[in-house]
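Numbering-wise (the working numbering), the sequence shown opens with residue 23 and increments by one. Built from N, CA and C at the ideal position, the CB exists for glycine as well.
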Amino acid sequence: MQRVKHRLALITRPQPQATQWVGKLAALGLHAVALPLLEIAPAPQPEMVRAAAAQWVAGDLVMFVSPNAAAQCMACLGGNWPWPSGVQAAATGPGTVAVLKAAGVPAECIVAPDADAAQFDSEHLWLKLQAQGWQGRRAWVVRGDGGRDWLAQTLQSAGAEVQFVQAYSRGRPQWSPAQLAVLAQAVAKPEAHVWLLSSSEALDHLLALAPEVAWSRSVALASHPRIAQRARDLGFGRVDEIQPTPEAVAQWFHHASVAP
């Protein structure tokens with residue numbers, strides 16, 4: 023039986039993560055192309071990010087919702103900004119952890135779901151945090167313009183004072199002619215492509231870019247059940263949930279059947 027490893031993986035993560043994933047998948051023997059469905063812009067008020075960071079003291083938790091949240095926050099603070107002693111840096115997945123470590127955050131200050139966790143999300147991060155006492159402590163959520171508030175609400179319920187820090191903005195990208203050509207090919211030959219999805223908002227942008235497309239013959243790999251359900255709602259013929267790592271994607275490509 024023919025295997026899906028011969029398909030082209032469409033990486034819809036924002037830049038620079040999309041290009042980084044293309045390189046990682048290439049090293050694993052897969053063909054991939056960057057087709058970002060989210061565009062990340064810098065913090066609209068970087069001085070507000072710096073003002074918030076100046077208040078981080080021992081006992082605080084700073085939760086970064088994504089690699090972009092971590093990268094854009096650190097860009098506001100500058101390359102020589104020292105991570106404050108006694109402050110925890112929280113991340114939902116390995117991509118964010120890698121950005122934090124590269125920015126100089128000590129590994130012992132970082133808390134995140136285990137590498138073999140069933141999901142990289144707020145719920146699995148909370149499993150690592152819930153045993154701590156939160157009454158009267160401060161938690162800062164570094165994010166874009168809005169987002170899911172489950173962890174913030176959970177921390178508040180546990181007695182923490184939660185504040186939000188906007189480190190970036192999100193929007194719909196402007197695709198190049200080459201990227202639009204890839205979209206046309208994916209629509210014309212869905213059996214030759216696999217969409218890698220890591221955001222429900224990104225799917226909304228795909229719908230705006232291709233409003234008349236029937237997705238019943240298309241295949242998607244989703245990094246979370248919520249994203250998978252959104253893809254099914256849009257009509258994707260096959261949607262598999264998968265851990266959001268290049269290795270997990272490569273394993274799927276090498277073992278899954280072609281038929282949606």
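Here the alpha carbon of residue 95 sits roughly 16 Å from the alpha carbon of residue 132. The DSSP-derived three-state label of residue 243 is strand. Beyond the five residues adjoining it in sequence on each side, residue 65 comes within less than 7 Å, by CB distance, of 71, 94, 98, 188, 189, 190 in the same chain, given in chain order.
Residue range 268–277 is occupied by the alpha helix (DSSP H) that includes residue 275. In terms of Cβ geometry, residue 31 and residue 258 do not form a close pair [threshold 9 Å]. When 243, 123, 270, 179 are compared, the shortest CA-CA separation from residue 101 is found for 123.
Taking C-beta separations shorter than 8 Å and ignoring five residues to either side along the sequence, the partners of residue 216 in its chain run 26, 29, 30, 31, 32, 241, 242, 243, 275, following chain order.
In this structure, residue 34 lies away from residue 50, with their beta-carbon atoms at least 9 Å apart. Within the same chain, 268 come within 6 Å of residue 46 by CB-CB distance, once the 5 residues on both sides are set aside. For residue 66, no pairing in a beta bridge is given by DSSP. The Cβ atoms of residue 84 and residue 162 lie closer than 9 Å to each other. For the 9 Å CB-CB criterion, residue 42 and residue 142 do not form a contact. Shown here, residue 33 sits in a strand according to DSSP, grouped into three states. If you draw a straight line from the Cα of residue 145 to the Cα of residue 224, it comes to about 21 Å.
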